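Working notes for the structure below.
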Amino acid sequence: MIILTDKIEKIKNEAERYGAKLVVAAKYLTLDETRSLIDGGVNEIGETRVDSFVEKYDALSDKDVKWHFFGVVQSRRVRDLAGKIDCLHSLDRLSLAMEFDKRLSKPLDCFIEVNISEEPNRNGIPLSKVKTLVKSLSKCANIRIIGLMCVAKRTVDEDELTREFTKMRMMKEEIESMHLDYAPCHELSMGMSNDYKLALMNGSTLIRVGSKFFKN
Ligand SMILES: *Cc1c(COP(=O)(O)O)cnc(C)c1O
Numbered sequence: 025m026i027i028l029t030d031k032i033e034k035i036k037n038e039a040e041r042y043g044a045k046l047v048v049a050a051k052y053l054t055l056d057e058t059r060s061l062i063d064g065g066v067n068e069i070g071e072t073r074v075d076s077f078v079e080k081y082d083a084l085s086d087k088d089v090k091w092h093f094f095g096v097v098q099s100r101r102v103r104d105l106a107g108k109i110d111c112l113h114s115l116d117r118l119s120l121a122m123e124f125d126k127r128l129s130k131p132l133d134c135f136i137e138v139n140i141s142e143e144p145n146r147n148g149i150p151l152s153k154v155k156t157l158v159k160s161l162s163k164c165a166n167i168r169i170i171g172l173m174c175v176a177k178r179t180v181d182e183d184e185l186t187r188e189f190t191k192m193r194m195m196k197e198e199i200e201s202m203h204l205d206y207a208p209c210h211e212l213s214m215g216m217s218n219d220y221k222l223a224l225m226n227g228s229t230l231i232r233v234g235s236k237f238f239k240n
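Just so you know, we're using the numbering used here here: the sequence shown kicks off at 25 and counts up by one.
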């Protein structure tokens with residue numbers, strides 16, 4: 025895989041103009057390619073599968089990197105992530121939060137994943153269930169809800185994407201206004217290779233971009 029370093033730099037700068045951060049999705053890369061990415065100056069890395077994360081973390085944890093995880097987490101795999109990842113983007117249930125909570129010695133920054141497109145077979149919880157989940161998390165001392173995350177619909181329809189991002193922003197603001205110590209909810213993790221520009225225009229504070237940066 026060829027890593028397009030200039031593109032990473034360009035999109036990182038673009039995100040920064042909106043006060044947002046870029047996390048590079050490294051699921052397309054081998055361990056050695058991920059090492060090159062980090063040595064090239066990328067220090068916010070996202071992984072999607074627990075096994076790949078474990079392999080890369082074990083080999084690269086001495087590097088100055090913030091590890092984000094945005095894939096599905098089965099409860100039995102929590103022990104492979106707890107204490108290692110810096111940010112979980114795919115919190116979708118109380119039982120998962122409780123599993124992390126009991127294994128952590130300090131608070132973990134989490135995003136609640138929302139199935140904003142409401143398509144079946146998508147990860148995340150419905151928008152209508154977000155507030156109930158947030159309230160129930162008060163019992164997890166080591167879970168800190170810093171924001172909401174979504175994967176928008178795979179479409180080029182900009183109006184549809186804007187509607188989804190706007191719904192996310194409004195829910196984020198609603199939770200923010202609850203002023204919960206454990207759920208400041210100042211952030212929105214949204215925007216990928218195909219829709220990061222619209223996401224930035226609609227309040228994203230963190231974009232997760234991968235395929236745009238790599239070429240066979
Ligand atoms: C792969 C992935 C990304 C990055 O998507 P690209 O289209 O490759 O930019 C972002 N978020 C999640 C949850 C992913 O699985």
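Glycine included, every Cβ here is placed at the ideal spot set by N, Cα and C. Note that the coordinates shown come from a computational prediction; the quantities given were computed from them, not determined experimentally.
For R103, the uninterrupted alpha helix (DSSP H) run begins and ends at 102-105, by DSSP. Annotation: K159 to V66 spans about 35 Å, alpha carbon to alpha carbon.
Put simply, of D183, T179, M214, V180 the residue whose alpha carbon is nearest the alpha carbon of R193 is M214. When C-alpha distances from G95 are compared across I32, K51, E123, the shortest belongs to K51.
In this structure, K45 sits away from Y81, with a CB-CB distance that is not shorter than 7 Å. Cβ-Cβ distances below 6 Å link D110 to K90, W91 in the same chain, with the five nearest sequence neighbours on each side left out; the list follows chain order.
Residue range 118-127 is occupied by the alpha helix (DSSP H) that includes S119. A residue is listed when its beta-carbon falls short of 5 Å from at least one non-hydrogen atom of ligand 1; in chain order these are A49, T72, F94, M216, S217, R232, V233, G234, S235.
Secondary structure of K130 (DSSP, three-state): coil. H113 counts as buried, since no fewer than 16 other beta carbons sit within 10 angstroms of its beta carbon. Residue nearest to S119 within the set N145, S162, S129 is S162 (criterion: CA-CA distance).
Closest in alpha carbon position to S129, among N166, E211, F77, is N166. Excluding its 5 nearest sequence neighbours in each direction, L84 has C-beta neighbours in its own chain below 8 Å: L55, T58, R59, I62, listed in chain order. Per the C-alpha coordinates, the member of M173, S217, D125 positioned closest to G227 is M173.
As DSSP reads the structure, E211 sits in a beta bridge with G171. Going by DSSP, A49 is part of the beta strand (DSSP E) stretching over 45-49. In the structure shown, R178 adopts coil according to DSSP, grouped into three states. As the crow flies, the alpha-carbon of T29 is around 11 Å from that of V48. Counting along the chain, the unbroken beta strand (DSSP E) around V233 starts and ends at 230-233. Assignment of F94 by DSSP, reduced to helix, strand and coil, places it in the coil class.
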